[in-house]
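Residues in the sequence shown are numbered consecutively from 1, following the UniProt record's numbering.
Some notes on the structure that comes next.
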Amino acid sequence: MDTRPDTTAPADTPADATHFEPFEMRLYRVSPLGPLLTTLALFVLVYGSFVLIAETTRQPSLFHVSATGGIVLVQVAWIALVLSLIFTAGTAFTEFSRRMWEAETDALVAALVPAGAGDARAFALGIPRSWSRRYALMFFAGAAAGLAFNGMIILTSNFTFVTYLQSVGLWFILVSPVLYGIGFRAGIDLARESAAIKQLIRDHLTIDLFHLDRLGVFGRIGLRAARSWLIMAGILLLFLINPNRPDALFDATQLWITVPVVAASIAGGVIVLTSALHPVHTKIRAAKQAELDRIHAEMARVRERALAGDAEAASALAGLTDYEIWVNARPEWPVSAGVTTRFSLYVLIPVIPIIGSYVFEKLADQFVSGGGV
Numbered sequence: 001m002d003t004r005p006d007t008t009a010p011a012d013t014p015a016d017a018t019h020f021e022p023f024e025m026r027l028y029r030v031s032p033l034g035p036l037l038t039t040l041a042l043f044v045l046v047y048g049s050f051v052l053i054a055e056t057t058r059q060p061s062l063f064h065v066s067a068t069g070g071i072v073l074v075q076v077a078w079i080a081l082v083l084s085l086i087f088t089a090g091t092a093f094t095e096f097s098r099r100m101w102e103a104e105t106d107a108l109v110a111a112l113v114p115a116g117a118g119d120a121r122a123f124a125l126g127i128p129r130s131w132s133r134r135y136a137l138m139f140f141a142g143a144a145a146g147l148a149f150n151g152m153i154i155l156t157s158n159f160t161f162v163t164y165l166q167s168v169g170l171w172f173i174l175v176s177p178v179l180y181g182i183g184f185r186a187g188i189d190l191a192r193e194s195a196a197i198k199q200l201i202r203d204h205l206t207i208d209l210f211h212l213d214r215l216g217v218f219g220r221i222g223l224r225a226a227r228s229w230l231i232m233a234g235i236l237l238l239f240l241i242n243p244n245r246p247d248a249l250f251d252a253t254q255l256w257i258t259v260p261v262v263a264a265s266i267a268g269g270v271i272v273l274t275s276a277l278h279p280v281h282t283k284i285r286a287a288k289q290a291e292l293d294r295i296h297a298e299m300a301r302v303r304e305r306a307l308a309g310d311a312e313a314a315s316a317l318a319g320l321t322d323y324e325i326w327v328n329a330r331p332e333w334p335v336s337a338g339v340t341t342r343f344s345l346y347v348l349i350p351v352i353p354i355i356g357s358y359v360f361e362k363l364a365d366q367f368v369s370g371g372g373v
């Protein structure tokens, strides 16, 4: 299947004639706050609605008194906080991905042959309309899964549907369909972008060993896309934290859902990174091997004359030897030292919640019992 967007529309056709924007892209486009404040406002709105429902219904309230007399956050409020972060991040990543493509468009065009310019510029326009039905189907499938999740909670607890709506369950039944829909849709978005960038590289990238620096754009694209998935993995690990148990670091009851989704997020980061880097790596290796084969053929042609004392042939052989060394030394991956360093740091992102939870535990112990940190 051809995963490339249709770029054959007339030049004066507006971008949305061949591409569409998901609702979150539209939200960021119309918001007067800018991307960062819009993201913050979205989080405040989502988690603020939970706080409002919790404090209105008192089913349960945000805090309760522990056995030791301290006031602690209820577990469901912590779960809602993490879900709000996931909701906000999932919404923001779609927009920031578009901005990433927009920022790298010129560098991407410069790395390709002229015929690939149209396909390269199309990445920043949104999602091809040919994918709209699949995106909608995946979103509604996720929404159905979100509703099914709420149904499972009702069936396995003491709630009836009415009493569930009279508790913080109202928040979960409103938020989880959208949250699951975005999550399901992220899977097809990953497949589309991975296939599109591979096809772009396959069809429109020609390797020039003298200008490998131009290929650094693929390293930056892969790194930024992987960063989003690793950040999501870090947020998901927050499910394991006990916010109201200074004597326990992790909540083992959440392992059954946390481990699979964290693994899926890390796998997503690896897939988007390799989608951008590995095809370029393969082409660079092939170009180097082709050039080395040509050098070796030329060396074989002048070797006998050089060994026989022909000064001109000896000089040519020395030059070919130097050139062979230079070709062998050319990097085979389109990543700079800076990109490699940043990726090494990004790998640590999922570890941040673990460190944070340890610090939280020590501070809580200090606050509650007066123990040493």
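Note that beta-carbon positions come from the ideal geometry of N, C-alpha and C, so glycine has one too.
Quick one: what's residue i bridged to in DSSP?
i, result
"L125", "According to DSSP, L125 bridges with nothing at all."
"L73", "F63"
Between which residues of its own chain and residue i is the CB-CB distance below 6 Å, once the five residues before and five after are set aside?
i, result
"A313", "V302, R305 and A306"
"T21", "Before going on, a small fix: residue 21 reads as Glu here, not Thr. Excluding residues within five positions, the ones whose Cβ falls inside 6 Å are G126."
"T123", "Just to set this straight, residue 123 is Phe in the shown sequence, not Thr. Once the five neighbours on either side are set aside, the close Cβ partners of F123 are W101."
"S167", "T57 and Q59"
"L147", "P177"
"I182", "G90"
Among the residues of its own chain, which have a CB less than 7 Å from the CB of residue i, if the five just before and after it don't count?
i, result
"R134", "I188"
"L215", "A111, V280 and P334"
"S49", "W171"
"A115", "H204"
"F63", "I71, V72, L73 and V74"
"L33", "A41"
Might you give, ordered along the chain, the residues of its own chain that have their beta carbon closer than 8 Å to the beta carbon of residue i, omitting 5 neighbours on each side?
i, result
"V262", "A233, L236, L237 and P350"
"L317", "M299, V302, R303 and A306"
"S61", "A54, E55 and V74"
"T105", "A120, R121, F123 and A124"
"R285", "E332"
"L292", "E324, V327 and N328"
"T160", "I154"
Once DSSP output is grouped into helix, strand and coil, what is the label at residue i?
i, result
"V335", "coil"
"residue 403", "The shown model of the chain, from 1 to 373, leaves out residue 403, and the question about it has no answer."
"F218", "helix"
"I325", "helix"
"F23", "helix"
"Q166", "coil"
"A308", "coil"
"P32", "coil"
"T156", "coil"
"V46", "helix"
"V113", "coil"
"D203", "helix"
"R294", "helix"
"D208", "coil"
"R330", "coil"
"T88", "helix"
"R58", "coil"
"T18", "coil"
Going straight from the alpha carbon of residue i to that of residue j, what length do you get?
i, j, result
"G126", "E95", "9 Å"
"R26", "P177", "19 Å"
"A195", "M152", "36 Å"
"P35", "S130", "27 Å"
"residue 398", "V30", "Because the chain in this structure spans residues 1 to 373, residue 398 falls outside the shown range and cannot be described."
"I221", "K288", "23 Å"
"T88", "L42", "6 Å"
"V162", "A141", "25 Å"
"N328", "L209", "10 Å"
"L223", "R330", "21 Å"
"P86", "S228", "Reading off the sequence shown, one finds Ile at residue 86, where the question assumed Pro. Spanning the two alpha carbons is a distance of roughly 11 Å."
"L137", "L37", "31 Å"
"A308", "A297", "18 Å"
"F139", "A107", "33 Å"
"A77", "S275", "38 Å"
"V51", "A103", "37 Å"
"R185", "G319", "55 Å"
"R202", "V109", "14 Å"
"L190", "T39", "22 Å"
"Y164", "S157", "10 Å"
Give me the residue from the options with the minimum Cα distance to residue i.
i, options, result
"A144", "D119, L174 and S132", "L174"
"F239", "L81, L205, D106 and L320", "L81"
"N150", "Y180, R98, L33 and S84", "Y180"
"Y47", "L137, G309 and S84", "S84"
"Q199", "K283, A136 and I182", "K283"
"E24", "L190, R98 and G319", "R98"
"Y28", "W326, T18, A92 and L165", "A92"
"I295", "L45, W326, M138 and V109", "W326"
"V113", "L320, Y164, T206 and I241", "T206"
"A290", "D310, E324, L277 and V259", "E324"
"L277", "I197, D322, I241 and T341", "I197"
"R192", "I241, S132, L45 and A311", "S132"
"I79", "F159, V259 and I241", "I241"
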